[in-house]
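In terms of the numbering used here, the sequence shown opens at residue 4 and continues consecutively.
By construction, the Cβ of each residue, glycine as well, lies at the ideal position given by its N, Cα and C atoms.
I have placed the structure first, in the form of structure tokens, so that the comments after it can refer back to it.
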Amino acid sequence: MRIRWGARIAVVSLVAALAPVPARALDEIQVYNAEIAEVGQWTIQQHLNYTFLGRTQPDFPGGLVSNHSLQGTPELAYGLTKWWEIGFYAPFAVTADGQFLSNEAKIRNLFVVPDAAKRDFFYGVNIELSYQTPPFSQSRYAMEIRPIVGVRNKEWEFIVNPIVDLTFGEFGMQTFAPAARLARNLGRERFIGLEYYSDWGQIGHFSPLSEQSHQLFAVTDFKVDKFDVELGLGYGLTPGSDRLVAKAIIGYAFPVPGQKKDGSEGGSASMSMANPLARQTTQPLPPTMR
């Protein structure tokens with residue numbers, strides 16, 4: 004009897020140890036604002052996040068330890084229409100001991116209301132497909148569904164991304180990881196604000212609060228010549244969060260073929276940055292178009 008009970012306890016413990024856990028993909032710490040590249044325009048961004056003080060145990064056996072790790076991704080995007088942008092990622096990480104890890108690749112399709120940057124109310128959805136490696140996830144294939152809803156005026160903007168992450172296969176699960184942003188417009192394409200990122204765990208069976216990830220970032224957006232820059236410093240609010248994380252996003256928009264600096268056709272191209280850091284300086288839409 005004791006042997007049988009001991010075997011049962013061992014099996015339960017093993018199942019618990021191997022059970023899928025929420026994936027905390029930190030290669031892209033960002034709130035999407037529904038702004039995209041112009042039609043025919045390429046943009047490039049580099050995301051970098053460094054965990055100064057983080058979790059010292061992996062989410063699963065053999066997983067990446069976030070403490071003192073650098074995570075990031077280069078992102079290349081292209082504007083297909085006024086409402087559709089496609090993007091390509093190559094996520095990576097550098098561990099505390101200097102080991103470089105590739106997380107293969109992602110492809111995304113971003114669908115938005117046209118001229119989102121000029122609207123008081125804007126929305127969209129980003130759908131992302133990933134092929135992942137074992138240090139980052141127990142599942143090879145994953146999908147992110149990121150709705151985008153936001154409001155803004157001349158001084159403030161508030162954006163919500165209620166993200167649903169899906170993984171497939173033996174360890175497949177569905178997790179809820181909402182993010183939000185509240186920012187103050189200082190003018191001249193300068194913003195300061197707060198961003199919130201979280202991972203609540205399995206939908207329908209959320210993790211205990213102490214095991215969830217909840218982080219609050221102080222952020223600033225600004226331009227340096229033709230480059231858009233976002234910097235942020237985040238603090239973990241729960242034991243399940245990385246305690247101190249710094250993030251940086253640097254973006255550049257290539258000239259639009261055949262477009263002048265004033266946006267008209269022909270001549271040299273515009274250098275204005277598109278998704279997701281750009282803030283357009285053109286006049287707002289008339290009320291009938293909002």
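Restricting attention to A80, N52, R193, L169, the CA atom closest to the CA of Q141 is found in L169. Non-local beta-carbon contacts of F194 in its own chain, meaning distances under 7 Å to residues more than five positions away in sequence, involve A186, R187, N188, T223, D224 in chain order. Here the region 45-56 lies against the region 244-256, with 3 or more beta-carbon pairs under 8 Å apart.
Membership of I32 in any beta strand (DSSP E) is not indicated, and neither H nor E is assigned to it by DSSP. Its chain contains H50, N52, Q74, G75, T76, Y92, P94, F95, A96, N106 as the residues whose beta carbon lies nearer than 8 Å to that of D30, once the 5 sequence neighbours on both sides are disregarded; these appear in chain order. Per DSSP, the beta bridge partners of T46 are A80, A256. Distance between E147 and P260, taken at the CA atoms: about 32 Å. One Cα belongs to T178, the other to Y144, and the distance between them is close to 14 Å. The Cβ neighbour count for N36, taken over all protein chains shown within 10 Å, is at least 16; the residue is labelled buried. When beta bridges are read from the DSSP output, E147 appears opposite E131, D168. Cβ contact annotation for S244 (same chain, cutoff 6 Å, sequence separation greater than five): S216, H217, Q218, in chain order.
The straight-line gap separating the alpha-carbon atoms of L236 and A221 is approximately 5 Å.
One Cα belongs to G101, the other to T59, and the distance between them is close to 16 Å. Per DSSP, reduced to three states, the secondary structure at S69 is coil, with no helix or strand assignment.
At the C-beta level, G127 and I89 stay beyond 7 Å of one another. Between V163 and F124, the CB-CB gap reaches or exceeds 7 Å. Nearest C-alpha to S133 among F209, N112, A108, S72: A108.
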